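**Student:**
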Amino acid sequence: MSYDRIEVRPLAGALGAEIRGVDLRRMDNQTWSEVHQAFLEFQVVAIRDQQLSPDDIMSVGRRFGEPNHYPFVQGMDGYPFIFEVIKEPQETRNFGGGWHSDTTYLAQPPLATLLYAIETPAKGGDTLYCNTAAAYDALSDAMKDMLGRLKGVNSAGLKHSGGRAAHHKKIGGMKIQGTDDADSYEAVHPIVRTCPDTGRKSLYASRAHTVRFEGMTEDESRPLIEWLQHHQTRPEFTCRVRWEPGTMTVWDNRCTQHSAVNDYNGERRHMRRITVGPQTPA
1 MSYDRIEVRP
11 LAGALGAEIR
21 GVDLRRMDNQ
31 TWSEVHQAFL
41 EFQVVAIRDQ
51 QLSPDDIMSV
61 GRRFGEPNHY
71 PFVQGMDGYP
81 FIFEVIKEPQ
91 ETRNFGGGWH
101 SDTTYLAQPP
111 LATLLYAIET
121 PAKGGDTLYC
131 NTAAAYDALS
141 DAMKDMLGRL
151 KGVNSAGLKH
161 SGGRAAHHKK
171 IGGMKIQGTD
181 DADSYEAVHP
191 IVRTCPDTGR
201 KSLYASRAHT
211 VRFEGMTEDE
221 SRPLIEWLQH
231 HQTRPEFTCR
241 VRWEPGTMTV
251 WDNRCTQHSA
261 VNDYNGERRH
271 MRRITVGPQT
281 PA
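Set out below in structure tokens:
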């Protein structure tokens with residue numbers, strides 16, 4: 001597609017683009033149509049040079065879908081769907097590290113996540129993304145057929161990271177809540193899902209959240225889950241977003257995974273996040 005109202009600069013061969021020349025607060029319908037098309041085409045869009053209040057973030061988020069509730073961090077005062085992602089200089093554990101798609105343990109996970117940069121370190125603090133649709137396309141026909149018959153049991157417990165409560169206790173700069181009940185959040189979704197907007201199939205399993213395949217034990221499931229995680233994050237399926245204050249990045253949770261790089265100890269990083277578009281994977 002050609003873009004007349006916005007400038008689109010691809011980040012990598014597999015996915016990702018920077019968008020410039022747009023003010024998200026003042027988009028007409030054609031400009032929004034181009035932004036949305038870039039989102040579907042590139043799966044991750046980093047929109048630079050924005051000045052967004054919480055009201056603006058809510059307004060932009062609603063263009064992609066209705067807000068999703070995130071159970072483990074308290075929202076901002078007056079904005080329960082937006083929460084602060086903060087790592088203070090003295091902290092060593094970050095939020096969002098490790099490859100995953102957001103909240104796959106919910107019955108209706110969000111189609112999109114919006115993350116807005118307020119304060120960024122002088123270097124580091126990037127986010128990595130991978131294209132799980134391209135990863136699916138690269139599989140053999142036999143593997144596609146087998147995976148197409150599997151469903152994954154997804155849990156919020158972060159069992160393979162020491163448990164969510166222990167994990168979040170090391171994140172002191174954020175308003176963590178409800179982690180003792182994390183194991184109660186569990187949902188079953190297809191390992192291969194189809195995006196209703198594009199018709200593309202993608203892998204939908206992660207080391208972080210997928211604990212087993214339905215009808216199988218964790219021990220039986222773990223080797224294939226680990227293989228899928230490694231396959232999805234091969235370099236040729238990835239891109240990297242470098243943050244700066246005023247960047248709004250939006251990614252498609254239906255066909256990507258992401259991982260926040262924790263390489264800026266001693267510096268502060270402050271973002272605001274909202275997830276939108278509850279959708280049942282199919």
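Residue numbers 1 to 282, in UniProt numbering, belong to the letters of the sequence shown in order.
The beta-carbon is built from N, C-alpha and C at its ideal position, and this holds for glycine as well.
These numbers were taken from a predicted model, which means no experiment stands behind them.
#1: Going along the chain, which residues of its own chain have a beta-carbon closer than 6 Å to the beta-carbon of Asp263, five neighbours each way excluded?
#2: So, Gly152 versus Ala107, is the Cβ gap smaller than 9 Å?
#3: At 4 residues or longer, what runs of the alpha helix (DSSP H) sit wholly inside the stretch 22 to 47?
#4: When the Cβ atoms of the stretch 37 to 53 are set against those of the stretch 67 to 84, are three or more pairs found closer than 8 Å?
#5: With which residues is Leu128 paired in a DSSP beta bridge?
#6: Grouping DSSP H, G and I as helix and E and B as strand, with all else coil, what is Ile171?
#7: Which of helix, strand or coil does DSSP assign to Phe81?
#8: Expressed to the nearest angstrom, what Euclidean distance is found between the alpha-carbon atoms of Val8 and Glu244?
#9: Here's the rule: buried if 16 or more other CB atoms are within 10 angstroms of the residue's CB, otherwise exposed. What is His258?
#10: DSSP puts Thr233 in a beta bridge; with which residues?
#11: By alpha-carbon positions, which one of Thr256, Ser101 and Asp55 ends up nearest to Tyr79?
#12: In three-state terms, what does DSSP make of Ser155?
#13: Is it buried or exposed for Pro281, if we count other Cβ within 10 angstroms and need 16 for buried?
#14: Can we say the stretch 265 to 275 touches the stretch 118 to 133, given the rule of at least three CB pairs closer than 8 Å?
#15: Flag this pair as yes or no: are the beta carbons of Asp252 and Ala117 separated by less than 9 Å?
#16: Where does Pro278 fall in DSSP's three states?
#17: Less than 9 Å between the C-beta atoms of residue 287 and Leu203, yes or no?
#18: Touch check for the stretch 210 to 226 and the stretch 17 to 31: three-plus C-beta pairs under 8 Å?
#19: Counting C-beta neighbours from all protein chains within 10 Å, is the total for Glu119 16 or more, i.e. buried, or is it exposed?
#20: Going by the beta-carbon positions, is the gap between Ala156 and Ser184 smaller than 9 Å?
#21: By the three-class DSSP mapping on this structure, what secondary structure does Leu106 have?
#22: Provide the residue span of the beta strand (DSSP E) that contains residue 283, from first to last.
**Tutor:** With the structure as the only source:
#1: Gly124
#2: no
#3: 29 to 42
#4: no
#5: Arg240 and Ser259
#6: coil
#7: coil
#8: 18 Å
#9: buried
#10: Thr233 is not bridged to any residue.
#11: Asp55
#12: strand
#13: buried
#14: yes
#15: no
#16: strand
#17: An answer regarding residue 287 cannot be provided, because it is not within the stretch 1 to 282 covered by the chain.
#18: no
#19: exposed
#20: yes
#21: coil
#22: No statement about residue 283 is possible, as the shown extent of the chain runs from 1 to 282 and does not include it.
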